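Asker: Numbering (our numbering), first residue to last: 172 to 476.
Take a look at this one; I'll ask things after.
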């Protein structure tokens, strides 16, 4: 509970304007010493009939508890949003909020903000002078502000837009009418026998080929370089992720095709995928099916990203 030290001074000021006013304080204290100190201050100030410490209110009972009051008062000096004030306003209470930094941006003109006790007193005098119709209108204004700005559907949509903005900022800008550049990234070691078929299957599809060779002793590197690949030599470190990241660091394309030296790509299928991806920048990864042949000659279908 924040701003406990202001509860007694606030009610002393409120009572000068509205002698019959009462303050009901809901919620738990961080420790019993704070609660005991507040009870003592209330007694010394002669405000035992003005301030009631209600303790925690069960969530299901909160709406009815809010609606049994006329205003909701906040004495907190710092907040990010302050749910209790918003809940009270949504239940039709006139909000009197201490002007913590940013409160005016969150609540605008719909709430009564006060920075000192004199300002709070003027707010109360203004409310007292209003007709019942004007008070009802003030409650509707506060309730409508919450409904318009902070209803669940609006917040879900705003959060989705924020996530999309963050993702969009991470993506390269594409020139209209062009497809994304595609890099093939391979980790190789002694793939002389199978590598030519792999490279032939991606010829004309990828824009660049990068290879991390982990210690080939055959013609693997020569075959890759003959196909235009950039080859980096990194001795095997028993860490596949390390070498995969080394290959990704070499890539300059917008998309990276991760393929092994013993795999072959069906170009028509990849072009279909790229055509679907190009107008849909919200996609960050593609899952493809791998048709694998076991040593027994039996086909298996695997999933890869």
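Every residue gets a Cβ at the ideal spot worked out from N, C-alpha and C, and that includes glycine.
Note that the structure is a prediction, hence the values are computed from the model and not measured.
Which of the three DSSP states is assigned to residue 242 in this structure?
Answerer: Strand, per DSSP.
Asker: Return yes when the Cβ of residue 291 is within less than 8 Å of the Cβ of residue 264, no when it is not.
Answerer: No Cβ-Cβ contact shorter than 8 Å links residue 264 with residue 291.
Asker: State whether the segment 209 to 217 contacts the segment 240 to 252, with contact taken as three or more CB pairs (one from each stretch) at a distance under 8 Å.
Answerer: no
Asker: Within its chain, find whatever has a CB closer than 6 Å to the CB of residue 406; leave out the 5 residues flanking it on each side and keep chain order.
Answerer: 386
Asker: Kindly indicate which residue of 182, 229, 320, 260 has the alpha-carbon position closest to the one of residue 198.
Answerer: 229
Asker: Taking the straight line between their C-alpha atoms, what separation do you get for residue 227 and residue 293?
Answerer: Straight-line spacing of the CA atoms in residue 227 and residue 293 works out to 30 Å.
Asker: Hey, residue 384 and residue 419 are a contact pair by Cβ (cut 8 Å); roughly how many whole angstroms apart?
Answerer: With a Cβ gap of about 15 Å, residue 384 and residue 419 do not count as contacting.
Asker: Return helix, strand or coil for residue 390, following the three-state DSSP convention.
Answerer: coil
Asker: Would residue 432 and residue 357 be called neighbours here (beta carbons separated by less than 8 Å)?
Answerer: yes
Asker: Where does the unbroken beta strand (DSSP E) through residue 195 begin, and where does it stop?
Answerer: 194 to 197
Asker: Exposed or buried, residue 257, counting other C-beta atoms within 10 Å across all chains shown (16 or more means buried)?
Answerer: buried
Asker: Please confirm whether residue 307 and residue 260 have their CB atoms less than 8 Å apart.
Answerer: no
Asker: Using 10 angstroms around the beta-carbon of residue 413, count the other beta-carbons present and answer buried if the total reaches 16, otherwise exposed.
Answerer: exposed
Asker: Closer than 7 Å by C-beta to residue 240: which residues in its own chain qualify, once you throw out the five before and the five after it? Chain order, please.
Answerer: 195, 264
Asker: Can at least three beta-carbon pairs, one atom from the segment 174 to 190 and one from the segment 199 to 214, be found at a separation below 8 Å?
Answerer: yes
Asker: At the level of alpha carbons, what is the spacing between residue 437 and residue 369?
Answerer: 10 Å
Asker: Check for me: the alpha helix (DSSP H) holding residue 225 runs from which residue to which?
Answerer: No alpha helix (DSSP H) contains residue 225, which is instead part of the beta strand (DSSP E) from 222 to 226.
Asker: Buried or exposed for residue 381, going by 16 or more other Cβ atoms inside 10 Å?
Answerer: buried
Asker: Quick check on the DSSP output: the beta strand (DSSP E) that includes residue 269 runs from which residue to which?
Answerer: Unbroken beta strand (DSSP E) run through residue 269: 265 to 269.
Asker: Just the Cα atoms here: how many angstroms apart are residue 336 and residue 361?
Answerer: 44 Å
Asker: What are the residues that DSSP puts in a beta bridge with residue 354?
Answerer: 379, 427
Asker: Residues in the same chain with beta-carbon distance under 7 Å from residue 179, minus the five sequence neighbours each way, listed in chain order, please.
Answerer: Setting aside the 5 residues that flank it on each side, residue 179 is surrounded in the same chain by 212, 213, 216, 218, each with a C-beta closer than 7 Å to its C-beta; the list follows chain order.
Asker: Return the chain-ordered list of same chain residues with a C-beta closer than 7 Å to the C-beta of residue 389, the five sequence neighbours on each side being excluded.
Answerer: Cβ within range, chain order: 361, 363.
Asker: Would you mind reading off the limits of the alpha helix (DSSP H) that contains residue 415?
Answerer: 411 to 421
Asker: Within 10 angstroms of its Cβ, does residue 400 collect 16 or more other Cβ (buried), or is it exposed?
Answerer: Residue 400 comes out buried.
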